[in-house]
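Enquirer: Everything in the sequence shown is counted per full-length UniProt numbering, starting at 1 for the first residue and increasing by one.
For glycine and all other residues, C-beta sits at the position ideal for the given N, C-alpha and C.
From a predicted model like this one, the values you see are computed outputs, not experimental measurements.
Let me give you the structure first, and then I'll get to my questions.
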Amino acid sequence: MRTPRLEIEYCTQCRWLLRAGWTAQELLTTFTAELGEVALIPGTGGVFDVRLDGETLWSRKAQEGFPDLAVLKQLVRDRVAPERSLGHTDRRNSADADKPH
Numbered sequence: 001m002r003t004p005r006l007e008i009e010y011c012t013q014c015r016w017l018l019r020a021g022w023t024a025q026e027l028l029t030t031f032t033a034e035l036g037e038v039a040l041i042p043g044t045g046g047v048f049d050v051r052l053d054g055e056t057l058w059s060r061k062a063q064e065g066f067p068d069l070a071v072l073k074q075l076v077r078d079r080v081a082p083e084r085s086l087g088h089t090d091r092r093n094s095a096d097a098d099k100p101h
C-alpha cells in the first residue's frame, strides 16, 4: 500500500459514486505528488466520509453535509504538505473568515 492513503467512503444507496469520484479527481489533481493512493469505498446508510491514513477528515453525518472542496483541500494539505500554498483557495477562505456571521 502506498502512503498517504486517502479513502472516500460513499453511499451506494444514495448513488454518491459520481460525487466521490469527482472529489477523488480534484484531490488527485491538486496533490499529485503528495498522495500515494486514493480509494473509493462503497458503503450504505448515507455515508460520505473522507479519511487520510485512517484519520477522519470529514464525515457527512458528523458535519451535517458534504464538504466544500476548498475546505477539504485545506484539510488534506494541512496533513500532507503544510508548507504548501493552495493559491486562490487559501485567499478565498481567509476572506470568508473575516466576514461577520
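1. Check E9 in the structure and name its three-state DSSP category.
2. Who are the Cβ neighbours of M1 in its own chain at under 7 Å, not counting the five residues just before and after it?
3. Residues in the same chain with beta-carbon distance under 7 Å from E64, minus the five sequence neighbours each way, listed in chain order, please.
4. Can C81 and E34 be called in contact, C-beta distance under 8 Å?
5. Using 8 Å as the threshold, is the stretch 72-86 in touch with the stretch 37-47, meaning 3 or more CB pairs across them?
6. Per DSSP, what kind of secondary structure is V80 in: helix, strand or coil?
7. Nearest CA to the CA of R60: which residue from T44, Q25, G21, F48?
8. Note down the Cα distance separating L86 from D53, rounded to an integer number of angstroms.
9. First and last residue of the beta strand (DSSP E) that includes T56?
10. Which of helix, strand or coil does DSSP assign to L86?
11. Could you check which residue in T12, C14, T32, L17 has the C-alpha nearest to that of T3?
Expert: Quick answer:
1. strand
2. E37
3. none
4. Here the sequence assigns Ala to residue 81, which means Cys is not the residue at that position. Contact: yes.
5. No, the stretch 72-86 does not touch the stretch 37-47.
6. helix
7. F48
8. 21 Å
9. 55-59
10. coil
11. T32
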